[in-house]
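Asks: Okay, handing you the structure first.
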Amino acid sequence: MNMHRFKTIAFAMTMSFGALMGLQAQANTVDAVLKVGQAKTTAAQKSQQKVDKLAGETGDLLTDYKTVMKQVDGLRVYNARLEKQIANQLKRIKDIETSIDQVTIIQRQVTPLVIRMIDSLEQFISLDVPFLMEERKERVAFLRSSIDRSDLSVAEKFRQVLEAYKIENEFGRKVTAYKGSLSIDGVERDVNFFQVGRIALMYQTTDTEISGAWDKEANDFVQLDKGEYRNAILKGLRIARKQASIDILKLPVSAPEAAQ
């Protein structure tokens, strides 16, 4: 009887141990499954992080690409404009080179022209009303001396001649008073000259006793009637010196000759 109970107990313990072993095996299996799932989840998270990182990098690359393409388009427009500017500059360089080739020819033509202009100016002054003769002759002499100067360009010499012509032209519109000397009845006298453009040139001695005017036909100065023109010339001198207001004056002006 005791042996039977011992066997029964032993069998029961054996069954219990087997059940425990089975439960332990099931537990190990579940842990393994959970570990595999967790590993997959971790791997999936890492993969997702890589995907997110790649997506971000791809987005950045796309943004950079769009920016670069905008710059490329801008450079294309800029290069097109530069090509036009370069073409215009090349054309201008060609024109300048052509002008440089012609400089020598132009210089050879301008110098004789300047000389002829000086000759004409000198002749004009000698035939003109003889006002400020010393100043005008000195200007012509200066122009002649400039022709042979190596430190002056042809353009500067031409400019000087044009300036002299401009001064002569302005004389025709000026009313001027200046001091000088004149031989009157064989005696050198100090006089005041009164110039009205190129239509009249008069003088009056400093004591106002003698007055005269340039006579184109006689090609010399002639004395005027003291009572008729003395005060008019005296007032004209004051007007020219801006010492009196402009007024109408009775002066000895030669009338132009009628055409034949």
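So in this note's numbering the end of the sequence shown lands on 331, straight run, no missing numbers. Virtual Cβ for every residue (Gly too), placed ideally from N, Cα, C. A quick note: this is a predicted structure, and the numbers were derived from the prediction, not measured.
Would DSSP call Thr112 helix, strand or coil?
Replies: As a first step, residue 112 is located in the sequence shown; it is residue number 41 there, counting from the start. Residue state, collapsed to three classes: helix.
Asks: Could you pull out every residue in the same chain whose Cβ sits closer than 8 Å to the Cβ of Ser323, ignoring the five residues on either side in sequence?
Replies: Indexing the sequence shown from 1 puts residue 323 at position 252. Before going on, a small fix: residue 323 reads as Pro here, not Ser. Taken in chain order, the residues that qualify are Ala271, Met273, Ala284, Leu295, Tyr300.
Asks: Going by Cα to Cα distance, which pick from Arg260, Ile310, Val148, Ser282 is closest to Val246?
Replies: Your numbering for residue 246 matches position 175 in the sequence shown. Of Arg260, Ile310, Val148, Ser282, the residue nearest in Cα terms is Ile310.
Asks: Taking the straight line between their C-alpha atoms, what separation do you get for Glu168 and Arg179?
Replies: Along the sequence shown, read from residue 1 onward, the residue named residue 168 stands at position 97. Along the sequence shown, read from residue 1 onward, the residue named residue 179 stands at position 108. Taking the straight line from one Cα to the other gives about 18 Å.
Asks: Just how far apart, CA to CA, sit Arg163 and Asp131?
Replies: Position 92 of the sequence shown, counted from the first residue, corresponds to residue 163. Position 60 of the sequence shown, counted from the first residue, corresponds to residue 131. Roughly 47 Å between the two C-alpha positions.
Asks: Please say whether Leu214 and Gln194 have beta carbons closer to each other than 8 Å?
Replies: By one-based count along the sequence shown, residue 194 stands at place 123. By one-based count along the sequence shown, residue 214 stands at place 143. Taking 8 Å as the Cβ cut-off, Gln194 and Leu214 do not qualify as a contacting pair.
Asks: Verify whether the separation of the beta carbon atoms of Val262 and Thr279 is less than 8 Å.
Replies: Position 191 of the sequence shown, counted from the first residue, corresponds to residue 262. Position 208 of the sequence shown, counted from the first residue, corresponds to residue 279. No. Outside cutoff.
Asks: Could you pull the DSSP bridge partners for Ser282 from this structure?
Replies: One-based indexing of the sequence shown puts residue 282 at position 211. According to DSSP, which records beta bridges pairwise, Ser282 is partnered with Gln275.
Asks: Would you give the residue range spanned by the alpha helix (DSSP H) that Arg215 belongs to?
Replies: Residue mapping note: residue 215 aligns to position 144 of the sequence shown, counting from 1. From DSSP, the alpha helix (DSSP H) with Arg215 extends over 204–218.
Asks: With DSSP collapsed to three states, give me the class of Arg301.
Replies: Sequence index remark: in the sequence shown, residue 301 carries index 230 (1-based). Of the three classes helix, strand and coil, the one that applies to Arg301 here is helix, per DSSP.
Asks: Which class does Gln294 belong to by DSSP, given the choice of helix, strand or coil?
Replies: Numbered from its first residue, the sequence shown carries residue 294 at position 223. Note: Gln294 maps to strand in three-state DSSP.
Asks: How would you call Val211, buried or exposed, if buried means at least 16 neighbouring beta carbons within 10 angstroms?
Replies: Locating residue 211 in the sequence shown gives position 140, counting from the first residue. Buried, since its Cβ has 16 or more Cβ neighbours within 10 Å.
Asks: DSSP three-state call for Arg312: helix, strand or coil?
Replies: Mapped onto the sequence shown, residue 312 falls at position 241. Coil at Arg312, not helix or strand.
Asks: Which word fits Ser252, buried or exposed, when buried means at least 16 other C-beta atoms lie within 10 angstroms of its C-beta?
Replies: Locating residue 252 in the sequence shown gives position 181, counting from the first residue. Exposed, by the Cβ-count rule.
Asks: Would you mind reading off the limits of the alpha helix (DSSP H) that contains Glu227?
Replies: Here residue 227 refers to the residue found at position 156 when the sequence shown is read from its first residue. Taken as a continuous stretch (DSSP letters only), the alpha helix (DSSP H) holding Glu227 covers 225–242.
Asks: Can you tell which of Ile304, Asp291, Asp256 has its C-alpha closest to the C-alpha of Phe265?
Replies: As a position in the sequence shown, residue 265 is number 194, starting the count at 1. The candidate whose alpha carbon is nearest that of Phe265 is Ile304.
Asks: With 16 other CB atoms within 10 Å as the buried threshold, where does Gly307 fall?
Replies: To locate residue 307, count along the sequence shown from 1; it is residue 236. Gly307 is buried by the Cβ-count criterion.
Asks: Alpha carbon to alpha carbon, what distance is there between Lys250 and Thr182?
Replies: Taking the first residue of the sequence shown as position 1, residue 182 is located at position 111. Taking the first residue of the sequence shown as position 1, residue 250 is located at position 179. Going from the Cα of Thr182 to the Cα of Lys250 covers about 37 Å.
Asks: With H, G and I counted as helix, E and B as strand and the rest as coil, what does DSSP make of Glu288?
Replies: As a first step, residue 288 must be located in the sequence shown, where it is residue number 217. Glu288 falls in the coil class under three-state DSSP.
Asks: If you drop the 5 nearest sequence neighbours on each side, which residues of the same chain put their C-beta closer than 7 Å to that of Leu223?
Replies: One-based indexing of the sequence shown puts residue 223 at position 152. Result list for Leu223: Ser217, in chain order.
Asks: With DSSP run on the structure shown, which of helix, strand or coil describes Lys250?
Replies: Indexing the sequence shown from 1 puts residue 250 at position 179. Three-state result, Lys250: strand.
Asks: Return the CA-CA distance between Lys321 and Glu227, expressed in angstroms with no decimal places.
Replies: For this step, residue 321 is matched to residue 250 along the sequence shown. For this step, residue 227 is matched to residue 156 along the sequence shown. Computed Cα separation, rounded: 44 Å.
Asks: Where does Ile196 land, buried or exposed, given buried means 16+ other C-beta within 10 angstroms?
Replies: On the sequence shown, position 125 is the one that residue 196 refers to. Buried: at least 16 other Cβ atoms inside 10 Å.
Asks: So if DSSP puts Glu259 in a beta bridge, which residue, or which two residues, is it bridged to?
Replies: Residue 259 sits at position 188 when you count from the first residue of the sequence shown. BP columns for Glu259 point to Ser254.
Asks: Label Gln156 either buried or exposed according to how many other C-beta atoms from any shown protein chain fall within 10 Å of its C-beta, with 16 as the threshold for buried.
Replies: In the sequence shown, residue 156 corresponds to position 85, counting from 1. With fewer than 16 Cβ atoms within 10 Å of its Cβ, Gln156 is classed as exposed.
Asks: Determine the DSSP secondary structure at Val324, reduced to helix, strand or coil.
Replies: Looking up residue 324 in the sequence shown gives position 253. Of the three classes helix, strand and coil, the one that applies to Val324 here is coil, per DSSP.
Asks: What's the C-alpha gap between Asn290 and Gly257?
Replies: Position 219 of the sequence shown, counted from the first residue, corresponds to residue 290. Position 186 of the sequence shown, counted from the first residue, corresponds to residue 257. Taking the straight line joining both Cα atoms gives about 17 Å.
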